[in-house]
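What follows is a short report on a single structure.
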Amino acid sequence: MAHPLPRRAFAVPILAVLAGCAIGPNYKRPDTSAPSSYRGADAAGNAAAGEMEWWDLYRDPRLAELIRASLSGGFDARIAAARVAESRAVAAQVHGQRFPGLGYEANADRGRNAQLGNPYTQGNGTTANGFDAYLGAAWELDLWGRVRRLDEAARSQYLATEEGRRAVLISLVGDVATAYYELLELDEELSTAKEATQSLGESLALFNRQLEGGTASRLDTASAEAAVATSAARIPDIERRIAIKENQISVLVGANPGPVIRGARLSELAAPPEVPPGLPSALLERRPDVREAEYAAMAANARIGVTLGGFLPRIGLSALLGGVSPQLDSITSRRAGLWSVGGQATGPLFQGGGLEGQYEQARSAWEAAKLQYQQAALNAFADVANALVTRQKLSEVRAQQERAVLAYQEAAKLSVQRYKAGKASYYEVIQSQLALFPAQVALAQTRRDQFTAVVALYKALGGGWGGDNKGPGQR
């Protein structure tokens, strides 16, 4: 159903002038129905969110260096900054329309029966010179607020780009941290694989000695040799994955692919800190992607006023001051002077439904932008809730995996002792050792996941950037 405003377009300017406001609807933040608390957050979790900066969060000097490098030299950060500069320049261009435009022009020519490029029939076939120079000014009287709405839309779009840059930086910090923890976990896997290969090699040496002594069969040694080869084959594959991960981190920080210097080992890092989730309503003011979506909605709302201004007359003022003369030294004389002051009004009479179509397009764009903002807010609430649940459950998973590793270590030790005492078969030794090493890898992966879960929560909360956290509706 068409909005009734275009049919009353000529009544709107009078109301706008009397009220001293711009044409079109003023922005009102769409309702998001924010929950009262996050799923998975305990009572202590409703502290002020995001008060911790990223260097306090990660507690690793080497990782802090990588993050700083990515923010200063990473291509994602530099591209985002360039886009903000471009958007700022566009906003400055539109803002300039609110002020009078000044310009100048000067011409000089020489011609027969012509002056300043125009036919001159009184020239009587003579050849003459022509000179003119003048200043001009033009200004659209923004009675209805059309230009103000244009300015509002451009400024909101610029601010949306700025929030987009902040979202890129927060994502970049999270990507570097996640990749770094994944690299440390791969180091743990490599160390475990080497230890596993060494332990299985010792079992193989034991079986070979007993085979030579006649107390073991060739089946024992063949099985042990296969286990050693299988374990050793994992080492180059893990090394390949390490190199790829190092290359990924190098690219994120804007460097050529190459080795990455580590800090502490994953098992030596301090436990991931607690990050207070805060209240869901505060998330709307912190998440840059949500704020970006709201600024985009503000721009779309302002464009409705721009299209409504298309139904109304545009009133402009112009002025001209200068001189025209066939002699350059006489162009400033009183007789050569010229000036004019005028006004102009232009407006549509019939556009075949084109203006109505532009208006309906703007309203539809506003509806889409409003829904995108609401969707962004809902996704933000879900991101925090997911990160909280993940962090909580991973703590339980790690506790059980630590129990499993301790049990497998004890079983592997006892199986070797029983084999040496003749109370167990080679199969028991091999199986206990083969069960231990996957459990150790799973524990290392859970430790990694605990750190990356905190990274995910920190990203979901909008990062720890400090500064002005006012949302678009509060500016």
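With the first letter of the sequence shown counted as 1, position 50 gets the number 40 in the working numbering; the numbers rise by one all the way through.
Ideal placement from N, C-alpha and C gives every residue a C-beta, glycine not left out.
From a predicted model like this one, the values you see are computed outputs, not experimental measurements.
Membership of LEU307 in the beta strand (DSSP E) is indicated by the continuous run 304 to 315. Cβ atoms of LEU256 and LEU174 come within 8 Å of each other, at about 4 Å. Under a 10 Å Cβ-count criterion, GLY300 is classified as buried, with 16 or more other Cβ atoms of the shown protein chains found around its own Cβ. For TYR94, the enclosing beta strand (DSSP E) has its first and last residue at 91 to 102.
Non-local beta-carbon contacts of ALA326 in its own chain, meaning distances under 8 Å to residues more than five positions away in sequence, involve GLY313, VAL314, SER315, SER320 in chain order. According to the DSSP secondary-structure assignment, PRO226 is paired through a beta bridge with no residue.
Here GLN430 is buried: its Cβ has 16 or more other Cβ atoms, across all protein chains shown, within 10 Å. CA-to-CA, the gap between ASP122 and ASN103 works out to about 17 Å. Shown here for LEU180: same chain residues with a beta carbon closer than 8 Å to its own, the five before and five after excluded, namely ILE225, ILE228, GLU229, ILE232 in chain order. In this structure, ILE294 and PRO20 do not form a Cβ contact; the two beta carbons are roughly 14 Å apart against a cut-off of 8 Å. Out of ARG388, ALA143, GLU236, ALA96, the CA that lies nearest to the CA of ALA12 is found in ALA143.
Taking a 10 Å sphere around the C-beta of TYR416, we find 16 or more other C-beta atoms and assign the residue as buried. Beta-bridge annotation (DSSP): GLU350 is not paired with any residue. The Cβ-Cβ distance between THR187 and ALA222 falls below 9 Å. Beta-bridge analysis with DSSP links ASP122 to ASN97, VAL314.
Residue burial annotation: ASN291 is buried, with at least 16 other C-beta atoms found within 10 angstroms of its C-beta.
Comparing alpha-carbon positions, the option among GLN407, ALA443, GLU392, ALA169 lying closest to LEU426 turns out to be GLU392.
Here the region 363 to 376 makes contact with the region 438 to 451; the two share three or more CB pairs at distances below 8 Å.
Excluding sequence positions up to five before and after ILE239, its CB lies within less than 6 Å of the CB of ALA169, VAL250, all in the same chain and listed in chain order. A distance below 6 Å between beta-carbons, with the five flanking residues on each side excluded, links ALA446 to the following residues of its chain, in chain order: ALA377.
Counting only residues of its own chain and dropping the five nearest sequence neighbours on each side, TYR398 has a CB closer than 6 Å to the CB of ALA425, LEU426, ALA429. Residue pairing by DSSP puts GLY332 in a beta bridge opposite SER308. Between the region 57 to 76 and the region 94 to 101 there are fewer than three inter-stretch CB-CB distances shorter than 8 Å, so the stretches are not counted as touching. For the pair of segments examined, the region 342 to 350 was found not to touch the region 149 to 166: the number of CB pairs separated by less than 8 Å stays below three. Under the 10 Å beta carbon count, PHE197 is surrounded by 16 or more other beta carbons and is classified as buried. Note that the C-beta distance between GLN365 and ALA261 is not below 9 Å. The three-state secondary structure of GLY248, taken from DSSP, is coil.
In this structure, the beta-carbon distance from VAL419 to SER405 falls below 9 Å.
Taking all protein chains shown into account, ARG199 has fewer than 16 neighbouring C-beta atoms within 10 Å of its C-beta and is therefore exposed. In the displayed model, GLY342 falls within coil according to three-state DSSP, outside both helix and strand.
If you look at THR297, you'll find it in the alpha helix (DSSP H) that goes 278 to 299.
A Cβ-Cβ distance of about 6 Å is found for the pair VAL296 and ARG136, placing them in contact under the 8 Å criterion. Residue LEU53 holds the alpha-carbon nearest to the alpha-carbon of LEU259 among ALA24, LEU53, SER26, LYS18.
Rounded to the nearest whole angstrom, the C-alpha separation of PRO263 and ARG139 is 46 Å. Within the DSSP bridge table, the entry for PRO109 names ALA104 as partners.
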